[in-house]
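Notes follow the structure.
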Amino acid sequence: MSDKPAVLIMQRHLAPLSGFLESRYAVHRFWEGPPVEVAQAVRALVVAGEFPLDKRLIEELPQLGLIACFTSGYDGIDVAWARGRGLEVTHAPGVNHEDVADHALGLILGARREIVSGDRALRAGGWTPESKTITRSMKGQKLGVVGLGMIGKALAVRAETLGMQIAWWGPNPKPDAAWPRAASLVELARDSDVLAVCVKADEENRGQISREVIEALGPAGLLVNVSRGQVVDEDVLIAALKDGRLGGAALDVFVEEPTPAARWADVPNTVLTPHTAGATTESVQAMLMLLMQNLEAFFAEQPVKTPVR
């Protein structure tokens, strides 16, 4: 058994972190098999916070003291339950909101100006003199932002430079907001050409983008989601796209990830990306730095740098 503190990495896609951690820690990987032999030694978990964390596993790790999210989101973790067991939970806030906003704007442009569908048509031999598509200018289109946090604000600033008109909705007023707050989410959807979902996901907003919201956005509207898949009623969304009750959707997040390709094969008017909105070289480096700092502080019995509050 190594004298180094034991750390357990939970998700396979976080495997590249091993090389950075192994100089200081005894690194174990959950996907290589249940950590039966090291369960008594594991003191920290490294996780992607959007994935559900099994409470039964935590109960089998008696020395566990830290759940360190590599990501900014932590919706897969029952934070109150973890705190009740005396566990610290950390994350990587404020490192990729600008990147997510960039991606969201790209989704809006890709869908609204039919850049992606135009690419598909050209490659399929569909470019003829008669086929030229005319789209609306972004200037003057109304963008409704659901959730005016760091991502929502960054997106609103970007969209405003295109001449879009901005409004937003969230459960709590923001007196310092630069844009008007709609009376309700449904009203925001009804008054928007594009509805961008930028909320921090939790159980309270699961299914928040409901049938009523989708139908209020309507057959000319575009729904953009860079929050979490669970915030949108995905079955209702797909049905609305298929029967024309919603004009289009541009999504970076899904209820199930990876989402099955077959689920979207016959869904029209969509631009889909594989949860990459915040994945830039710069943001990953910043998340790694925070992860290392939080682990170092925890094992030194110092206050962690970015606790979940």
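For the sequence shown, our numbering assigns the number 54 to the initial residue and increments by one for each residue that follows.
For each residue, glycine too, the CB sits at the ideal point set by N, CA and C.
For residue j and residue i, the rounded distance between their alpha carbons
{"i": "residue 221", "j": "residue 252", "result": "11 angstroms"}
{"i": "residue 295", "j": "residue 320", "result": "6 angstroms"}
{"i": "residue 339", "j": "residue 258", "result": "28 angstroms"}
{"i": "residue 126", "j": "residue 100", "result": "11 angstroms"}
{"i": "residue 93", "j": "residue 265", "result": "50 angstroms"}
{"i": "residue 394", "j": "residue 283", "result": "This structure cannot settle anything about residue 394, because the visible part of the chain is limited to 54 through 362."}
{"i": "residue 170", "j": "residue 164", "result": "8 angstroms"}
{"i": "residue 335", "j": "residue 188", "result": "34 angstroms"}
{"i": "residue 102", "j": "residue 129", "result": "5 angstroms"}
{"i": "residue 134", "j": "residue 107", "result": "12 angstroms"}
{"i": "residue 213", "j": "residue 206", "result": "11 angstroms"}
{"i": "residue 136", "j": "residue 172", "result": "49 angstroms"}
{"i": "residue 124", "j": "residue 110", "result": "20 angstroms"}
{"i": "residue 156", "j": "residue 122", "result": "22 angstroms"}
{"i": "residue 358", "j": "residue 255", "result": "23 angstroms"}
{"i": "residue 151", "j": "residue 228", "result": "22 angstroms"}
{"i": "residue 113", "j": "residue 196", "result": "48 angstroms"}
{"i": "residue 80", "j": "residue 240", "result": "50 angstroms"}
{"i": "residue 292", "j": "residue 115", "result": "47 angstroms"}
{"i": "residue 166", "j": "residue 131", "result": "40 angstroms"}
{"i": "residue 139", "j": "residue 352", "result": "15 angstroms"}
{"i": "residue 4", "j": "residue 298", "result": "Because the chain in this structure spans residues 54 to 362, residue 4 falls outside the shown range and cannot be described."}
{"i": "residue 230", "j": "residue 193", "result": "20 angstroms"}
{"i": "residue 75", "j": "residue 59", "result": "10 angstroms"}
Any C-beta of chain D under 7 angstroms from that of residue i
{"i": "residue 218", "result": "The displayed structure is made up of one protein chain only, and chain D is not part of it."}
Neighbour-count burial assignment, residue i, 16 or more Cβ in a 10 Å radius
{"i": "residue 168", "result": "exposed"}
{"i": "residue 179", "result": "exposed"}
{"i": "residue 175", "result": "exposed"}
{"i": "residue 66", "result": "exposed"}
{"i": "residue 146", "result": "buried"}
{"i": "residue 237", "result": "exposed"}
{"i": "residue 89", "result": "exposed"}
{"i": "residue 232", "result": "buried"}
{"i": "residue 154", "result": "buried"}
{"i": "residue 261", "result": "buried"}
{"i": "residue 225", "result": "exposed"}
{"i": "residue 314", "result": "exposed"}
{"i": "residue 318", "result": "exposed"}
Paired residues, beta bridge with residue i - DSSP
{"i": "residue 262", "result": "285"}
{"i": "residue 139", "result": "In the DSSP output, where bridge partners are listed per residue, residue 139 has none listed."}
{"i": "residue 82", "result": "62"}
{"i": "residue 301", "result": "275"}
{"i": "residue 146", "result": "For residue 146, which the question treats as bridged, DSSP gives no partner whatsoever."}
{"i": "residue 121", "result": "99, 143"}
{"i": "residue 197", "result": "220, 248"}
{"i": "residue 105", "result": "Note: residue 105 sits in no beta bridge, so no partner."}
{"i": "residue 360", "result": "143"}
{"i": "residue 234", "result": "221"}
Residue i, enclosing alpha helix (DSSP H) - first and last residue
{"i": "residue 221", "result": "Careful: residue 221 lies outside any alpha helix (DSSP H), inside the beta strand (DSSP E) at 218-222."}
{"i": "residue 97", "result": "Counting along the chain, residue 97 falls outside any alpha helix (DSSP H), though it belongs to the beta strand (DSSP E) covering 95-100."}
{"i": "residue 159", "result": "150-165"}
{"i": "residue 248", "result": "Note, residue 248: premise wrong, no alpha helix (DSSP H); beta strand (DSSP E) at 247-250."}
{"i": "residue 325", "result": "Looking at the DSSP string, residue 325 is not in any alpha helix (DSSP H); the run it does join, the beta strand (DSSP E), is 323-325."}
{"i": "residue 207", "result": "203-214"}
{"i": "residue 317", "result": "314-317"}
{"i": "residue 229", "result": "No alpha helix (DSSP H) holds residue 229; DSSP gives it neither H nor E."}
{"i": "residue 172", "result": "168-176"}
{"i": "residue 72", "result": "71-74"}
Enclosing beta strand (DSSP E) for residue i [first to last residue]
{"i": "residue 329", "result": "Segment: none, residue 329 is in no beta strand (DSSP E) and carries neither H nor E."}
{"i": "residue 185", "result": "Where residue 185 is concerned, there is no enclosing beta strand (DSSP E), given that its DSSP letter is neither H nor E."}
| query | For the 8 angstroms Cβ check, are there 3 or more pairs between the segment 207-226 and the segment 241-249? | reply | The answer is yes - the segment 241-249 touches the segment 207-226, with three or more Cβ pairs under 8 angstroms.
| Three-pair Cβ contact test at 8 angstroms for the segment 154-166 versus the segment 326-335 | Flag = yes, the segment 154-166 and the segment 326-335 touch.
| query | Does the count of Cβ pairs from the segment 303-318 and the segment 268-279 closer than 8 angstroms reach three? | reply | yes
| query | When the Cβ atoms of the segment 138-145 are set against those of the segment 194-209, are three or more pairs found closer than 8 angstroms? | reply | no
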